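Chemist: Below is a structure I'd like to ask you about.
In my numbering, the protein residues as written are 22 to 430.
See below:
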């Protein structure tokens, strides 16, 4: 099966898959990277250490994306935990880098054991699908509203790509051959050269030199970081990716995805980087091309994975990307790429018998609350599930949530 998918990949590589892979890569290589750089600045890390961190999160994530997408023929996008980077940034202010790396390794081991035990598959059976999609909708909604904020911030730079997107969308025949999001990307590139004063830095081209670090296991650091980081991997990032894939009609290999997140996190740790996990928003972009047959959309993930590996090789250049592309343009393109999956997730949230639980999951997630340094998506899942158990008891069979055991790796 693996060899067959590799040989068939060139035939499945379409304009739509390339554009979705490219947009997903642009999204992951810009905004989320800024968060990592901000976290690194709090720890006063050296340039070599930051380069190694970037090399790991994009290199390991890219390899996992290629391997699992080829093997399972699903658009599974791996990257790194964005909430995890925020947590790490706060910890670096009062823990040594080696102690934080020790916590990274423990997180990887715990996640790997959870995947091998099959516990995550059982957890996915407990959570109603509409509640999970309510959480996903809450996570993705800001990407949609950012479209309008970005146009207000720079009407010319961002307004033209938005107009081009709508023009292409009006002609369905053209949109099938030339995706509207690709038209928006091309027009955005043109506008970057036309509109004055949008560049704030220069690109740095050099090959990355990753470092190898030995962890120091400190109980205070482990107690502070391990549980929150494991929860961000399993209950926030991976849960988003699993829900998105299920909504697109796939049966994701839940246990295998969790196990590989653990292995990737261990490797990342020794390279000085935080947790590897499923990238929920990026996976959403990869799986949105409805003009492609479901079993061909994995090609978009391969494009993402290869671009991520290339970016890892040139990690110093990666650090300069956020200074080359205005953040408002990044938000616009990311929001446009999310429209399809946002429509689907909202439909799945509120067209079932779990409307109340889905609504509370959605509202808690968009509230942005954080309790015990654990983000709103986790509490959205918890709150939505509890509301469903209390108020929607007649639906507790959760028939639309069961994943066939035979399909789980």
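Glycine included, C-beta positions come from ideal geometry on N, C-alpha and C.
Predicted model only: the values in this text are computed from it and were never measured.
Locate the beta strand (DSSP E) running through residue 99, then write down its first and last residues.
Modeler: From DSSP, the beta strand (DSSP E) with residue 99 extends over 99 to 101.
Chemist: Grouping DSSP H, G and I as helix and E and B as strand, with all else coil, what is residue 390?
Modeler: In the structure shown, residue 390 sits in coil (DSSP, three-state: anything other than H, G, I, E or B).
Chemist: Taking the continuous alpha helix (DSSP H) assigned at residue 68, which residues delimit it?
Modeler: Here the alpha helix (DSSP H) through residue 68 covers 68 to 93.
Chemist: By DSSP's criteria, residue 298 is part of a beta bridge. Which residues make up the other side?
Modeler: Residue 298 pairs with 100.
Chemist: Exposed or buried, what is residue 210 when buried is set at 16 or more other beta-carbons lying within 10 Å of its beta-carbon?
Modeler: Residue 210 should be labelled exposed.
Chemist: Should residue 77 and residue 294 be called a contact, given that it needs their Cβ atoms to be closer than 9 Å?
Modeler: Cβ distance < 9 Å, so residue 77 and residue 294 count as in contact.
Chemist: Closer than 6 Å by C-beta to residue 175: which residues in its own chain qualify, once you throw out the five before and the five after it? Chain order, please.
Modeler: Excluding residues within five positions, the ones whose Cβ falls inside 6 Å are 349.
Chemist: Examine the Cβ distances between the segment 146 to 163 and the segment 97 to 112 and report whether three or more of them are shorter than 8 Å.
Modeler: The segment 146 to 163 vs the segment 97 to 112: no contact.
Chemist: Using 10 angstroms around the beta-carbon of residue 80, count the other beta-carbons present and answer buried if the total reaches 16, otherwise exposed.
Modeler: Buried, since its Cβ has 16 or more Cβ neighbours within 10 Å.
Chemist: Cα-Cα, which of 307, 291 and 319 is closest to residue 231?
Modeler: Comparing Cα-Cα distances from residue 231 to each of 307, 291 and 319, the minimum goes to 291.
Chemist: Going by beta-carbon coordinates alone, are residue 42 and residue 330 separated by less than 9 Å?
Modeler: Against a cut-off of 9 Å, the Cβ pair of residue 330 and residue 42 comes out as no contact.
Chemist: Just to confirm my understanding: we take residue 40, look at its own chain, exclude 5 residues before and 5 after, and list those with CB closer than 6 Å. What are they?
Modeler: Cβ neighbours of residue 40 beyond the five flanking positions: 200, 202 and 203.
Chemist: At which residues does the alpha helix (DSSP H) containing residue 201 begin and terminate?
Modeler: Start and end: 201 to 215.
Chemist: Go ahead and pull the three-state DSSP assignment for residue 357.
Modeler: Correct three-state label for residue 357: helix.
Chemist: Can you grab the Cα-Cα spacing for the pair residue 499 / residue 193, in whole Å?
Modeler: Because the chain spans 22 through 430 in this model, residue 499 falls outside it and cannot be assessed.
Chemist: For residue 105, which residues from the same chain have a beta carbon less than 7 Å from its beta carbon, with the 5 sequence-adjacent residues on both sides left out?
Modeler: Excluding residues within five positions, the ones whose Cβ falls inside 7 Å are 250, 253, 295 and 296.
Chemist: Tell me where the alpha helix (DSSP H) around residue 234 begins and ends.
Modeler: It is not in any alpha helix (DSSP H) - residue 234 carries neither H nor E in the DSSP assignment.
Chemist: Please state whether the Cβ-Cβ distance between residue 264 and residue 408 is less than 9 Å.
Modeler: Cβ atoms of residue 264 and residue 408: not closer than 9 Å.
Chemist: Measuring CA to CA, which of 413, 285 and 372 is closest to residue 136?
Modeler: Of 413, 285 and 372, the residue nearest in Cα terms is 285.
Chemist: Which residue's Cα is closest to the Cα of residue 467: 28, 377, 70 and 243?
Modeler: As displayed, the chain neither begins before 22 nor continues past 430, which places residue 467 out of reach and without an answer.
Chemist: Do residue 160 and residue 358 have their beta-carbon atoms positioned less than 9 Å apart in this structure?
Modeler: No, they are not a contact pair.
Chemist: In its own chain, which residues sit with a C-beta less than 7 Å from the C-beta of residue 280, not counting the 5 before and 5 after it?
Modeler: The answer, listed in chain order, is 133, 136 and 137.
Chemist: Pop quiz: residue 379 and residue 361 are said to be a contact at Cβ under 8 Å. What is the actual Cβ separation, rounded to whole angstroms?
Modeler: Contact flag wrong, Cβ pair sits at about 19 Å.
Chemist: Tell me the rounded alpha-carbon separation between residue 86 and residue 328.
Modeler: When rounded, the distance between both Cα atoms is 11 Å.
Chemist: Pick helix, strand or coil for residue 379, following the three-state DSSP scheme.
Modeler: Of the three classes helix, strand and coil, the one that applies to residue 379 here is helix, per DSSP.
Chemist: Just how far apart, CA to CA, sit residue 289 and residue 246?
Modeler: Cα to Cα, residue 289 sits roughly 15 Å from residue 246.
Chemist: Using 9 Å as the threshold, is the C-beta distance between residue 64 and residue 34 below it?
Modeler: No, the pair does not count as a contact, with Cβ atoms beyond the cut-off.
Chemist: Leaving aside the five residues before and after residue 340 along the sequence, list all residues of the same chain whose C-beta is less than 8 Å from its C-beta, in chain order.
Modeler: Cβ within range, chain order: 54, 58, 71, 72, 75 and 225.
Chemist: Would DSSP call residue 289 helix, strand or coil?
Modeler: Three-state DSSP puts residue 289 in a helix.
Chemist: Going by C-alpha to C-alpha distance, which of 319, 353 and 334 sits closest to residue 32?
Modeler: It is 319.
Chemist: What do you get for residue 255, buried or exposed, if any count of 16 or more other CB atoms within 10 angstroms of its CB means buried?
Modeler: Classification for residue 255: buried.
Chemist: Could you give the distance in angstroms between the alpha-carbon of residue 95 and the alpha-carbon of residue 142?
Modeler: Residue 95 and residue 142: Cα-Cα distance of roughly 18 Å.
Chemist: If I'm right that residue 123 touches residue 309 with Cβ under 8 Å, what's the distance once you round it to whole angstroms?
Modeler: In fact, because the Cβ distance is near 39 Å, the residues do not count as touching under 8 Å.
Chemist: Going by alpha carbons, who is nearest to residue 276 out of 298, 268, 269 and 287?
Modeler: Of 298, 268, 269 and 287, the residue nearest in Cα terms is 298.
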